[in-house]
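Engineer: Be aware that the sequence shown starts at 19, since it is given in my numbering, and climbs by one per residue.
Take this structure, written in structure tokens, and hold onto it; I'll ask about it next.
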Amino acid sequence: MAGLIYGLCALVALGCAFMLLRGFSRGRSPLLLWSGLCFVCLALSNVLLVMDRVLYPLTDLSLARQLPALAGLTLLLYGLIWEER
């Protein structure tokens, strides 16, 4: 059951990324770009969570799944701070 929920979280994050990046391609708002890239990284983090908890439960992938999340939040923070000037 947990694997299903982790998978749905990854699909929702990927769907959000798709919609944000599609909105960026139509309107060219930089904040949509940074938000979309953030959600791409968060979706990757969720896929790694599925791999860590469901596919390879004996292997610790915690660092590998936290790095994309950190990268995504860094991209979003960059977009919020520097692109709004």
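By construction, the Cβ of each residue, glycine as well, lies at the ideal position given by its N, Cα and C atoms.
Let me know if tryptophan 107 comes out buried or exposed under the rule of 16 or more other beta-carbons within 10 Å of its beta-carbon.
Structural biologist: The question about residue 107 has no answer here: the residues shown for the chain are numbered 19 through 103.
Engineer: By a C-beta neighbour count over all protein chains shown, 10 Å radius and 16 as the cutoff for buried, is arginine 46 buried or exposed?
Structural biologist: When all chains shown are included, arginine 46 counts as exposed.
Engineer: Since alanine 82 and leucine 60 are thought to touch, with beta carbons under 8 angstroms apart, how far apart are those beta carbons, to the nearest angstrom?
Structural biologist: The pair is not a contact, with the Cβ atoms about 14 angstroms apart (cut-off 8 angstroms).
Engineer: Considering just the uninterrupted stretch of the alpha helix (DSSP H) at tryptophan 52, what are its terminal residues?
Structural biologist: 48 to 68 is the span of the alpha helix (DSSP H), which, as asked, contains tryptophan 52.
Engineer: If you measure between the beta carbons of glycine 90 and cysteine 56, is that distance less than 7 angstroms?
Structural biologist: Against a cut-off of 7 angstroms, the Cβ pair of cysteine 56 and glycine 90 comes out as a contact.
Engineer: Compute the beta-carbon to beta-carbon distance between glycine 54 and leucine 39, rounded to the nearest angstrom, for a pair I have assumed lies under 8 angstroms.
Structural biologist: Sure, about 4 angstroms apart at Cβ, within 8 angstroms.
Engineer: If contacts are defined as beta-carbon pairs under 8 angstroms, then leucine 79 and aspartate 70 qualify, I think. What distance do you get, rounded to the angstrom?
Structural biologist: Yes, leucine 79 and aspartate 70 are in contact; Cβ-Cβ is about 4 angstroms, under 8 angstroms.
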